[in-house]
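Student: Here it is, the structure, as structure tokens.
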Amino acid sequence: MINFSYTVFIVLIPLIFFVLLGFFGNKFKPLVSGIIGTSGLFISFLLSCYTAYQYFFVVPKIAGAFPKLIAYNTVWLRFTDTLHIDLGVLLDPISVMMLIVITTVSFMVHLYSIGYMKGEKGYERFFSFLSLFTFSMLGLVIATNIFQMYIFWELVGVSSYLLIGFYYEKDSAVAASKKAFIVTRFADLGFLIGILILSITTKTFDFISLTDPKGPALQQGSSILFLGLSTMTWSMIFVFMGGAGKSAMFPLHIWLPDAMEGPTPVSALIHAATMVVAGVYLVARMFPIFVISAPAALTVVAYVGAFTSLFAAVIACTQYDIKRVLAYSTMSQIGYMMLALGVSGYGGHEGLGYMASMFHLFTHAFFKALLFLCAGAIIHAVHTNYMTEMGGLRKHLPITHLTFLIACFAIAGIPPFAGFFSKDEILAAAFENNKLLWAVEYAVAGITAFYMFRLYYRIFWGKEQHYSHPPHEAPLVMTIPLMLLAVGAILAGLVPFQNLVTSDSLPFENHIELGIAIPSILIALLGIGIATIFYRKETNLPQKITRTLGSFYTAAYHKFYFDELYLFITKKILFDRVSTPVAWFDRHIVDGMMNGVSYVTNSVSGRIKGFQSGQLQQYAWVFVSGAIALALAFIYLWTL
Amino acid sequence: MLIMRHELLLVIITVILLLVEIFLPDNRKHTIILPSILLFFIVTVLGFIPGPTGELFGGMYATTPLILTMKNILNLGVLIIFIQSVNWLKKIENKGKIGEYYLILLSTLIGMDYMISSGDFLMFYLGLELATIPLATLAAWERFKEKSAEAGVKLIFTSALSSGILLYGISMIYGTTGSVYFREVMGAFNATPLQVLAFIFFFAGMAFKIAIVPFHLWIADVYEGSPINITSYLSVISKGAAVFILMIILYTVFYKIALLWRDVLYVTSILTMTIGNLFAIRQRNIKRFLAFSSIAQAGFILLGLIGQSQLGMTTVIYFVLVYIFSNLGAFGVAGIISNVTGKESIDDYDGLYRTNPLLSLTMMLALFSLAGIPPVAGFFGKFFLFTAAAQKGLYLLVIIGVLNTIISLYYYLLVVKAMFLNTSDQPIAYFRSDAYSRIGLLMCVAGIVIIGFASPVYEFILSLSHGLY
Amino acid sequence: MFEGVPLTWFLIVATIMFFIGIYGFLVRKNLITILMSLELILNSVNINFVAFNKLLYPQHMEGMFFTVFVIAVAAAEASVAIAIIINIYRRLINIDVERIDEMKY
Amino acid sequence: MDNLTLFIIIPLLTIFGILFCRDHKQVKIVSAIGMSLQLINAGILITMFLLQRAAGNTDMMLFVKDVVWYPSLNIHYFVGVDGISVAMIGLTSIVIFAGIFASWEVKDLSKEFFISLIFLSSGVFGFFISLDLFTLFLFYEVAVIPMYLLIGIWGTGPRHYSAMKLTLMLMGGSALILVGLLGLYFHSNPSGGPLTFSIPAISLVHIPPDVQRFFFPFLFVGFGVLGALFPFHTWSPDGHASAPTAVSMLHAGVLMKLGGYGCFRVAVFLLPDAAHQLAWIFIILTTISVIYGAFGAIWQKDLKYINAYSSVSHCGLVLFAILMFNKTAMNGAILQMISHGIMTALFFALIGMIYGRTHTRYINEMGGLMKVMPFLAVCYVIAGLASLGLPGFSGFVAEMTIFVGAFQHNDVFHRVVTVIAVSSIVVTAVYILRVVGMLLLGRIKNDHYLEITDAKWYEKLSTGVLIFSITAIGLAPLWLSELINNGLGPIIDRLLVVAH
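Protein chains in written order, with numbering that gives the first Met the number 0: chain A, 0 to 639; chain B, 0 to 468; chain C, 0 to 104; chain D, 0 to 499.
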């Protein structure tokens, strides 16, 4: 057996660098801290690659399946004899895959940030936060138990909060970070409740026991019912709520577009490639439970995923902020992944959706990170986020243009770029299980191609704008990650996922079904075509279309008014209708009660002062009548 | 003769002082102060020497170790008052009256000692009157102040009325039992209607002395009008003696109707605590304030009386001891301030801590002790009183009692607030108090601080209180 | 001298005196009159004592003694009271009890 | 001199030392030395305790010292510690240590200030080591009463009103406790032997359930007042808002824990039947506390009010967990006491420091402070994150233990209230982030703030100690949890015996 305990360092190195930069960052020159952070990640990256190599190719399989290895485990907090939070490293195909994804993207982003963040205040802070995030995310994926996952889940939330609010003097950034944290926190509440329900039904937090076919979670099945659904179903629905929050699934998606207020590398790392797919990862982690014990919850996952992907894709078509377009496209793509999980079965070819989902997660990380980094390079060059203020940049930013185009092809699903393979698997899985969802996703594939190329053309083609200073290509330190990721976006699709990452860790035979693949290529091409017609040159066609769509367009442009709805709920209902009355109640009723007691005492004291009139005879009167009254009362009570 | 040694010693020094007073030339009258204090100090010390106990005059006079302890406690209190009064007595308007002061106080003390030691109602009555009537002259001490005369009138008339009613009660007791000797009354007392009437009238008379509602109304006016040292004497010694004798009589003479008097005390203690507290809240004059606070304290003492047991009895004596120290501490400070500045309003105390920290601290300790705040002695006293009441299962009474402690804490804190929290444009300026005042206050503070922690005090009283109830 | 007069009669007289005394105490405005009312109260008590002693418990003289002492104490009380009343009179030129209310509440 | 009594002796000696100080500076140094010794002493105690346990000493209480005080009433000076008290002592010494440094700039009547503060702490220490109800009660009141002076003299705002209100309400609570204690005392020996105030002795006695039912509310509400039980919590916002920094720290950090500890050690432990029967009423009240405090905090504009309501919420969680009667939840309750103690002390320390610089506590008048005082701002963010239960800080450990423990019950009622209580974590996040956003982030609203300087060394020390503590507990909670579990054993056993 190979000793994997060194994997702990993959996680610990970023933590060490976080502490180092956090405490002593201001002692270094900014560039130095950037390089330190990046080099730390590089070590982690190398270690992950080594781990992946060993895990997939060296470790002997058990009964043909990749084993679940506990590389390290220690009890962190003990609730009861069976319920305890451990900290450890669990290696299985998905966690190893995630290690690769996270360290790769994170390393690229670190490298890119050395250039991108140059001259920004708080340079070392940025890198320490990036390290913190990487640490949390790595901790999340290697979690051996659901509570460990929850811990790191919260930590990625907070690092996301810190990074979105990096420009803390900008009110919009502060608001966005707050919103992101609170919305995901609300979702985490669901996650936590889900964990609590798990804790009473299965009496364990451990993933291996939870997903063990003979374990209590799967054995119990749907035995205990509550409101018509089994407790496991409830539990999984709540857990999924947590996942939906992190992955910006409808209706908990509202934070993600705003989160684009953060520095662009952060968007690339957290809000495109890694953290937002944590929800998908969570569902994948719990997948056996979903499939076997909580199929209803899995259906929820599928529909939420499908709806989100459509919903986000529609909004993406109407946005002008390039980062927001990418954000909605992220949501849409994650919707794909969720859907794929939702339609998947367990084991063998049944588990095609699972495999596809993970595959898409993998490829998406590359091309979406690439898109964001390109966006960063563009913003770096023109100092605006709005595509209306861009145009004709292909001459000025050749490398960016090329890599962006590759990424667009990848996300649109044009072979042989990475996105094609994974998306094709998803459509295939959907087609096999649920035609309706397949139809939706099929349409979304077209819309995706359309809005991506709308973005592409509006940035790089069209009329050149008047820029304050001529845009120029980003420095090498930024373009190298672009190029490396572009290579990933091209090649990632060739990884034989069906052999590596499957629902039951057993490889299965899979090949591209042309019946699914060709139509999807066609619709992607259609989307690209429409975009080309609309946006390659300046035309008034888009205006015409929007006018035709009318209020639907307006609604989509306003993101279907979800921000307003949330604002209404939080501001008008929670703040004005709950919190303000509570505060009033506290001040006036509860406190008034206490003050009332003292007021009554005082006023009684004032009222009875007349007894002490200063009149001798009145004193005597009280005296005598008191004595006689007492005498009469007690004679009555005691002798009659 | 040694059985009566407390009284005899007092009589002896009274006579000595009387003679000295008479033969001192007018311009040297003030030199009597130190000898009086020294003589009384000797008496106090001698009182602590254990000696024989027993009965005299066919049972008219009786003493036990417990009663001796009570007398010693009173002696201690009077000693402190003697010391505390020096400052005041030296004032010009008291010139020529210094000797009187000591003589009158000593004679009332003799009265109280006889009262506590009485074995029949006659002795009790004589002691009571001896302890009361001279006090009226003390209350009316300041001849040129209307308030003082008013206090004297109110005291003498109400006390006369109360002793009239008390006597009426005693006459009924005599009529129904055929004796005025405690021992014989005890055997013959039942709860016939006439006897209930007799008891209530008797109780009213005693309640007057202790200031139990509704027999308390005189107390505030008299306290306010009297010179502050007299007030402190009235509030601790006079009241303490009355509590002692009431306890003895209730526990012995009226033990057969314990269920009845417990109910009477139950009602009156609730009234006393509550009314005393409610009136105390709104007082601004420190003496009047302490008057009402002492009414409330009397209500708490009744809790101990109700817990008719060895525990209750010990606790009452213990509490009176603590109360003497605490109240004398408070009165001592008020007296010093009043003597030096003539200010008696709580509002005048604003910012006192900044100018006179030690006085303020003493006052605070005394008030905390009165309020029953640890770690000072009052806490122990209150706790044991409640324990005594709870022992009889009277939890409702305990609850009312503890709620009343909160009200009392409020007004005690008002004084603390004035001294520590408030600021004033014209605070009482810093002054050095004289050695006598300091010694007096030091004794009080020592008592307040030590008595609680020194459990032997309590245990000693307990060891003596066998067999009385 | 009082042979055949039942005890009750004495007691009735005493009680009436007692309440007359109380009444006087409560309603008369002159301090001296109030003092006199007090004497009435004390005397009613004396009658009680004497009557009880004479008619019920003639074997001991306790009641008689008590009476003697009550009379003596009453005298002392009266003297102190009058002294104070004189003092009041000096201050107020008046001995109306209702005027003595400087201290209240 | 035994180790436990030292916890009372050291503060008293320190006070004695302060009396002889000539100036402000000496006072501070003497206080600091005294409280450092106390901290060291606490460290020694914890080590010795752990060593003893490791050596296999399974007595319920260790380092017991039993001296008869009032023989007739069977009042003893009876001290001893189990894992819970040890943990609470640790908490107290940390908070008082930080409190001394946080009040480094008290100039007005500094002698009196430090004397009162340290006297208060001696009461707290005494409370935690007492095993005799009488001394427990005595120390309880000793801990409460200096608050009046501390708030009244050195406070801000409506300090007179707040001080009076706080003192009276807390003393009202202690009055109820007194009734309960007397009830316990007179039922402490049903077989007719000598009565006792000793907690271990009473815990062996079975008091009739109807008697328990009568006295339980007195004890629980009485201690609950100090534990900010709804609706008896209103002293807390005003009191905290008016109190000077160190007092707020000590009060919210330690004194409010007296309430929880008392509920736990006296009310629940000694009256288990009644606790079981009446728990539902108080569970409802505490659940209200949890949610209500959190919602109350959202609306507030004054930093101290926000924190005070947040304390209501967090302390509500303590009482809530105590009423769950299982080892996990109760462990969580103790953890929460410690965690909240340190955290809220940190908060109040920071608020005091911020107030000292900006001279306002209204969040809408501030903004962008991160720029001018990064150290304090970062500390505030850390405190905030700890407060909203971020993993890595103690709050998370405590809250999760409570939630998991509370949820283990098999009936719908307990689970529903747990879920309601759990939802407070979201509301907490809302108000914490609102404060952080308005206070530290954004633009600087007032040009005067540009001249603000960052923390001084003593402020760094004060906050540093506290942050170190919450992080240490948050990162390695197991030893603390085991320490507490250790003390919980007998208590749980007693509750379980009753339950069956």
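Cβ coordinates follow ideal geometry from the N, Cα and C atoms, glycine included.
With a cut-off of 7 Å, does the C-beta of A/Ala626 fall near any C-beta of chain C?
Tutor: Chain C, which has no Cβ nearer than 7 Å to the Cβ of A/Ala626, makes this no.
Student: Can you tell me the Cα-Cα spacing of A/Glu472 and A/Ala444, whole angstroms?
Tutor: Their Cα atoms are separated by approximately 31 Å.
Student: Report buried or exposed for D/Met0, applying the criterion of at least 16 other Cβ atoms within 10 angstroms of its Cβ.
Tutor: Any reading at D/Met0 needs caution, since the residue's pLDDT is 47, under 50, leaving its predicted position unreliable; the model's value is listed next. It is exposed - the Cβ of D/Met0 has fewer than 16 other Cβ atoms within 10 Å.
Student: Quick test of your reading: B/Ser237 and B/Phe207, contact by CB under 8 Å. State the CB separation rounded to the nearest angstrom.
Tutor: With a Cβ gap of about 11 Å, B/Ser237 and B/Phe207 do not count as contacting.
Student: Would you mind working out which of A/Phe420, A/Lys462, A/Ala315 sits nearest A/Ile446, comparing C-alpha positions?
Tutor: If we check each option's Cα against that of A/Ile446, A/Ala315 comes out closest.
Student: Nearest-angstrom Cα distance between D/Val418 and A/Met386?
Tutor: Rounded to whole angstroms, D/Val418 to A/Met386 spans 46 Å at the Cα level.
Student: Could you spell out where the beta strand (DSSP E) holding D/Trp103 opens and where it closes?
Tutor: Segment: none, D/Trp103 is in no beta strand (DSSP E) and carries neither H nor E.
Student: Residue range of the beta strand (DSSP E) that A/Asn72 falls in?
Tutor: That run of the beta strand (DSSP E) goes 68-77.
Student: Using alpha carbons as the reference points, say which of B/Ile91, B/Lys255, B/Ala417 lies closest to B/Gln194.
Tutor: Looking at the Cα atoms, B/Lys255 is the closest of the given residues.
Student: Taking B/Val263 and A/Leu629 to be in contact with their CB atoms under 8 Å, please state how far apart those CB atoms are, rounded to whole angstroms.
Tutor: With a Cβ gap of about 7 Å, B/Val263 and A/Leu629 count as contacting.
Student: Hey, could you find the ends of the beta strand (DSSP E) B/Glu54 is sitting in?
Tutor: Where B/Glu54 is concerned, the enclosing beta strand (DSSP E) stretches over 53-55.
Student: With the cut-off set at 7 Å, would you say A/Val265 and A/Leu139 are in Cβ contact?
Tutor: Taking 7 Å as the Cβ cut-off, A/Val265 and A/Leu139 do not qualify as a contacting pair.
Student: Does the beta-carbon distance from A/Thr200 to A/Thr230 come in below 7 Å?
Tutor: Cβ distance < 7 Å, so A/Thr200 and A/Thr230 count as in contact.
Student: When you compare only the Cα positions, how much space is there between C/Arg27 and A/Leu615?
Tutor: Roughly 11 Å separates the two Cα atoms.
Student: Give the list of continuous alpha helix (DSSP H) stretches no shorter than 4 residues that lie fully inside the stretch 91-160 of chain D.
Tutor: Within the stretch 91-160 of chain D, the complete alpha helix (DSSP H) runs of at least 4 residues are 109-128, 132-143, 145-153.
Student: Around the C-beta of A/Thr133, are 16 or more other C-beta atoms found within 10 angstroms, so that it is buried, or is it exposed?
Tutor: Result: buried.
Student: Rounded to the nearest angstrom, what separates A/Val57 and A/Ala293 at their Cα positions?
Tutor: About 35 Å.
Student: Using only the alpha-carbon positions, how far apart do B/Tyr468 and B/Ile72 sit?
Tutor: Residue confidence is low: B/Tyr468 scores 46 on pLDDT, short of 50, so the model does not pin down where it sits. No coordinate-derived value is stated.
Student: Run through DSSP, which three-state label would B/Asn284 get?
Tutor: Reduced to three states, the DSSP call for B/Asn284 is strand.
Student: Given a threshold of 16 other Cβ atoms within 10 Å of its Cβ, counted over all protein chains shown, does B/Leu463 qualify as buried or as exposed?
Tutor: Burial call: buried.
Student: Among B/Thr386, B/Leu357, B/Val321, B/Phe324, which has the Cα closest to the Cα of B/Ile336?
Tutor: Closest by alpha carbon: B/Leu357.
Student: Using DSSP with H/G/I as helix, E/B as strand and the rest coil, what is A/Ile61?
Tutor: Three-state result, A/Ile61: strand.
Student: So what's D/Met0 in DSSP terms, helix, strand or just coil?
Tutor: Only weak support exists for where D/Met0 lies, its pLDDT of 47 falling under 50; the value from the coordinates is given anyway. Of the three classes helix, strand and coil, the one that applies to D/Met0 here is coil, per DSSP.
Student: Check the Cβ of C/Gly62 against every Cβ in chain B and list those closer than 7 Å, keeping chain order.
Tutor: Residues of chain B passing the Cβ test: Tyr173.
Student: Does the stretch 98-105 of chain A come close enough to the stretch 135-151 of chain A that 3 or more CB-CB pairs lie under 8 Å?
Tutor: Because the criterion of three Cβ pairs below 8 Å is met, the stretch 135-151 of chain A and the stretch 98-105 of chain A touch.
Student: With DSSP as the reference, label B/Ala61 as helix, strand or coil.
Tutor: Note: B/Ala61 maps to strand in three-state DSSP.
Student: Does DSSP classify B/Ile372 as helix, strand or coil?
Tutor: B/Ile372: coil per DSSP, three-state reduction.
Student: Quick check: what's the CA-CA separation for C/Val96 versus C/Tyr22?
Tutor: Each residue's alpha carbon lies about 15 Å from the other.
Student: How should A/Ala62 be labelled, buried or exposed, when 16 other C-beta atoms within 10 angstroms of its C-beta is the threshold for buried?
Tutor: That one is exposed.
Student: Under 7 Å between C-beta atoms, does B/Asp347 make it to chain C?
Tutor: B/Asp347 does not count as touching chain C.
Student: Hey, quick one: how far does the beta strand (DSSP E) through D/Trp456 stretch, first residue to last?
Tutor: That residue, D/Trp456, is in no beta strand (DSSP E); its alpha helix (DSSP H) goes 456-474.
Student: I'd like to know whether the C-beta of B/Leu461 is nearer than 7 Å to at least one C-beta of chain D.
Tutor: Yes, because at least one Cβ of chain D sits closer than 7 Å to the Cβ of B/Leu461.
Student: Return the CA-CA distance between A/Gln53 and A/Ile1, expressed in angstroms with no decimal places.
Tutor: Rounded to whole angstroms, A/Gln53 to A/Ile1 spans 8 Å at the Cα level.
Student: Give me the Cβ distance between A/Ile458 and A/Met389, rounded to the nearest whole Å; I'm assuming they're in contact under 8 Å.
Tutor: So it is a contact: roughly 5 Å between Cβ atoms.
Student: Leaving aside the five residues before and after A/Ala438 along the sequence, list all residues of the same chain whose C-beta is less than 7 Å from its C-beta, in chain order.
Tutor: Result list for A/Ala438: empty, nothing under 7 Å.
Student: At what residues does the alpha helix (DSSP H) containing D/Phe402 begin and finish?
Tutor: Segment 393-406, the alpha helix (DSSP H) holding D/Phe402.
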